[in-house]
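Contents: one structure, followed by commentary.
Chains as they are written, first to last, in my numbering: chain A, 17 to 350; chain R, 475 to 778.
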């Protein structure tokens, strides 16, 4: 297999995974208006729990200190990863979502990100500390017995299946009455509450479901790479997903696919080839971080609705529905 | 005999506690300067600046430039760095934030912009100064013992700076017209506007003061932790948040008390548990306050 095909397969796999990440964040921010500034922490929790669910019991020595070690076959670890992320979201949501302005949750998420990172790094018996997990088995490869190059195809198929299922579910949710309430909350929380909607409950559900997407995406990541450690979940990773959402079109799941292609794939892979300088080994990384930050600001400034904006329903007297990009923020029952 | 031993152990415990209080006073001083800066800006503009941690980082690195490269005295460097950070803060408000406010961008977008700014600034500092640890070339000065508490002369200067600054902020808010204008905007921006408060000038001034305090806090934080990286401010930011929220967000006096509480509790706890978990203690306080008294523990009514 040529290295180009190998490279393209890797890019395609990450494209699927970033789309899954993106849909979860889009449900939280794009649809509901919840600010999760540490989305990657939910990805990490999903990855870690999926990892220890798939690994053999640890030997307690170097590289072998972690909880669980259940050695479960493939479709189960991503489920466990999703559940773990959902539980974290419940806890965070309980502190941050209740009767507070939206900046409080943002503050809580920033803090939770730091805390989880510190705890996982310092408490080695949990997930092997700063060294992280390694040698996580590849899904189904005990049956196929393929080498890493050929196995890529199998994994791509798995990712596509997850992505298609994820897209189907998120689209159903977005266009259901549930999704409509979420949009109403985003536009005006007080109005939604006045109409008898339990705002906290709905926000919590959006937050938890979005985090399940993060957790499952994380589970796929660790299954693919086979390893994960705290350097894999930094603030920058969160904002790559944010930038993808804002560029693609927040509130639009199709736009999110476009964003997942443009930002993480083109942008990240493109800046990978910046020359490294001996004096400053992280110069390329720093420039990438500056670029992501700048992209967030510029996207918010010049096209906050993204390339593919959310299609809003417009009220018409004749009762027909009309979709399209509108300036107003009206949300009306269909 | 047995009694003696216990007494000794108890006196040991007390001195350990007092030692923690000593460290806590220094941390509280650094934290108070930083928290008041954040909360003043919030009070006037009514949104959280997530790039505030980077203002501290910028201050610390500017002072490093003045003291290590230009060979100036550390306190003079600190003053210059704080003034420059104030200018940067003002400029950022004018160039980055104001265009969004003019277009009446929603709060959510504004917060995303400040976090994008934080990513940009932290990586900008890292691109220029490099990711490695830096350290000021200063002598911590003579050791001063007050009971079991140990301070260096430098640390006492930091405590002194904090006390002076807090007094100045108090006088500014209480007795000057600009302070009254700031408090009125914090109370009710619309009422302030129709009463003729010059919104633009007060906002500019709030960002200037906020930047000045942040820059200065960055330098004293860097002195206090001795060696620092471009992540200095972003790692300290949520401890600032904890202090600000404990005191009630947007309330300068609350932030001072919040800083004192968080500073003392984290440092005293570090005497008994691994100091790597200091931040966890601050976080626990933040969570408890948010769950039971989200308006802050030192407040009874609405904001300032």
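All residues carry an ideal CB built from backbone N, CA and C; glycine is no exception.
Could you tell me the distance, in whole angstroms, from the CA atom of residue i to the CA atom of residue j?
| i | j | result |
| --- | --- | --- |
| residue 676/R | residue 242/A | 55 Å |
| residue 29/A | residue 283/A | 16 Å |
| residue 314/A | residue 265/A | 14 Å |
| residue 62/A | residue 751/R | 23 Å |
| residue 707/R | residue 120/A | 19 Å |
| residue 340/A | residue 327/A | Note that residue 340/A has pLDDT 45, beneath the 50 cutoff, so the model's placement of it is unreliable and no number is given. |
| residue 593/R | residue 113/A | 25 Å |
| residue 34/A | residue 280/A | 7 Å |
| residue 353/A | residue 317/A | This structure cannot settle anything about residue 353/A, because the visible part of chain A is limited to 17 through 350. |
| residue 83/A | residue 227/A | 22 Å |
| residue 553/R | residue 319/A | 40 Å |
| residue 699/R | residue 22/A | 46 Å |
| residue 305/A | residue 524/R | 16 Å |
| residue 716/R | residue 722/R | 10 Å |
| residue 539/R | residue 694/R | 15 Å |
| residue 655/R | residue 572/R | 19 Å |
| residue 778/R | residue 131/A | Residue placement at residue 778/R is poorly supported in this model, since its pLDDT is 38, which falls under 50; the coordinates still yield a value, given next. Approximately 30 Å between the Cα atoms of the pair. |
| residue 666/R | residue 581/R | 20 Å |
| residue 153/A | residue 322/A | 38 Å |
| residue 60/A | residue 245/A | 9 Å |
| residue 646/R | residue 576/R | 28 Å |
| residue 222/A | residue 543/R | 52 Å |
| residue 595/R | residue 625/R | 33 Å |
| residue 122/A | residue 145/A | 26 Å |
For chain R, find out if any of its Cβ atoms is closer than 7 Å to the Cβ of residue i; answer yes or no.
| i | result |
| --- | --- |
| residue 145/A | no |
| residue 320/A | yes |
| residue 127/A | yes |
| residue 111/A | yes |
| residue 34/A | no |
| residue 58/A | no |
| residue 46/A | no |
| residue 204/A | no |
| residue 25/A | no |
| residue 261/A | no |
| residue 313/A | yes |
| residue 40/A | no |
Give the interface partners of residue i over in chain R, defined as CB-CB distance under 7 Å, in chain order.
| i | result |
| --- | --- |
| residue 221/A | What residue 221/A touches in chain R: nothing, since even the nearest Cβ is about 19 Å away. |
| residue 138/A | 750 |
| residue 118/A | 581, 582 |
So, does the CB of residue i fall closer than 7 Å to a CB anywhere in chain A?
| i | result |
| --- | --- |
| residue 764/R | yes |
| residue 728/R | no |
| residue 732/R | no |
| residue 776/R | With a pLDDT of 46 at residue 776/R, under the threshold of 50, the predicted position of this residue should be treated as unreliable, though the coordinate-derived value follows. Chain A, which has no Cβ nearer than 7 Å to the Cβ of residue 776/R, makes this no. |
| residue 597/R | yes |
| residue 496/R | no |
| residue 643/R | no |
| residue 761/R | yes |
Under 7 Å between beta-carbons, which chain A residues line up against residue i? List them in chain order, please.
| i | result |
| --- | --- |
| residue 600/R | 298, 302 |
| residue 757/R | 127, 131 |
| residue 625/R | Result: empty, since nearest Cβ-Cβ is about 28 Å, beyond 7 Å. |
| residue 715/R | 123, 127 |
| residue 570/R | 313 |
In the DSSP assignment, what residue or residues form a beta bridge with residue i?
| i | result |
| --- | --- |
| residue 624/R | 619/R |
| residue 82/A | 143/A |
| residue 244/A | 149/A |
| residue 609/R | 701/R |
Against residue i, what residues of chain A qualify as contacts under a CB-to-CB distance less than 8 Å, listed in chain order?
| i | result |
| --- | --- |
| residue 621/R | Ordered by position in chain A, no residue passes the 8 Å Cβ test against residue 621/R, which lies about 32 Å from the chain. |
| residue 583/R | 316, 320 |
| residue 754/R | 131, 134, 135 |
| residue 521/R | 119 |
| residue 712/R | 123, 126, 127, 130 |
| residue 605/R | 296, 297, 298, 302 |
Can you pull the chain R residues whose beta carbon is under 8 Å from the beta carbon of residue i, in chain order?
| i | result |
| --- | --- |
| residue 272/A | Those within 8 Å of residue 272/A in chain R number zero; the least Cβ separation is about 16 Å. |
| residue 283/A | Neighbours of residue 283/A on chain R: none; closest Cβ ~14 Å, over 8 Å. |
| residue 51/A | 582, 585, 586 |
| residue 255/A | 589, 590, 593 |
Confirm the yes/no value for this check: CB of residue i, any heavy atom of the ligand GDP, distance under 6 Å.
| i | result |
| --- | --- |
| residue 729/R | The ligand GDP is absent from the structure shown, which contains no ligand whatsoever. |
Check the Cβ of residue i against every Cβ in chain R and list those closer than 9 Å, keeping chain order.
| i | result |
| --- | --- |
| residue 308/A | 590, 593, 594, 597 |
Quick check for students: name the residue ranges of the beta strand (DSSP E) that lie wholly in the stretch 620-684 of chain R, counting only runs of 3 or more.
Restricting attention to beta strand (DSSP E) runs no shorter than 3 residues, the stretch 620-684 of chain R encloses them at 623-626, ordered along the chain.
Unbroken alpha helix (DSSP H) runs of length 4 or more, entirely within the stretch 520-581 of chain R: which are they?
Secondary structure remark: continuous alpha helix (DSSP H) runs of at least 4 residues inside the stretch 520-581 of chain R, in chain order: 526-538, 548-566, 572-576.
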